[in-house]
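Numbering (the working numbering), first residue to last: 24 to 120.
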């Protein structure tokens, strides 16, 4: 789960959280609007495209890492298999799941 809070909310406006738990989760429009509003308030709207690109890449990588870690734990715990030093086999198994 990824939670994004505004670090400098407008005075009088409570901070909001955006939770993304998968790549299919439809939060991108809400997140894009929050970033747009913040950059507009900071008068840095020219940074919108690059900020969204980087944010999308970071979130995508975090979700993939979270899924990889959860899958790794499931294999070790549920199947009692030690795959610590077998990254290539694990990656192949992950891609075929």
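We put the CB at the ideal spot given by N, CA and C, even for glycine. A quick note: this is a predicted structure, and the numbers were derived from the prediction, not measured.
- The Cβ-Cβ distance between residue 76 and residue 55 does not fall below 8 Å.
- Taken through DSSP and simplified to helix, strand or coil, residue 83 comes out as helix.
- Contact between residue 92 and residue 113 does not hold, since their C-beta atoms are separated by about 11 Å, which reaches or exceeds 8 Å.
- Counting along the chain, the unbroken alpha helix (DSSP H) around residue 59 starts and ends at 51-64.
- Counting only the Cα atoms, residue 60 lies some 25 Å from residue 86.
- Under a 10 Å Cβ-count criterion, residue 82 is classified as buried, with 16 or more other Cβ atoms of the shown protein chains found around its own Cβ.
- Closest by C-alpha distance to residue 118, out of 68, 99, 64, 90, is 90.
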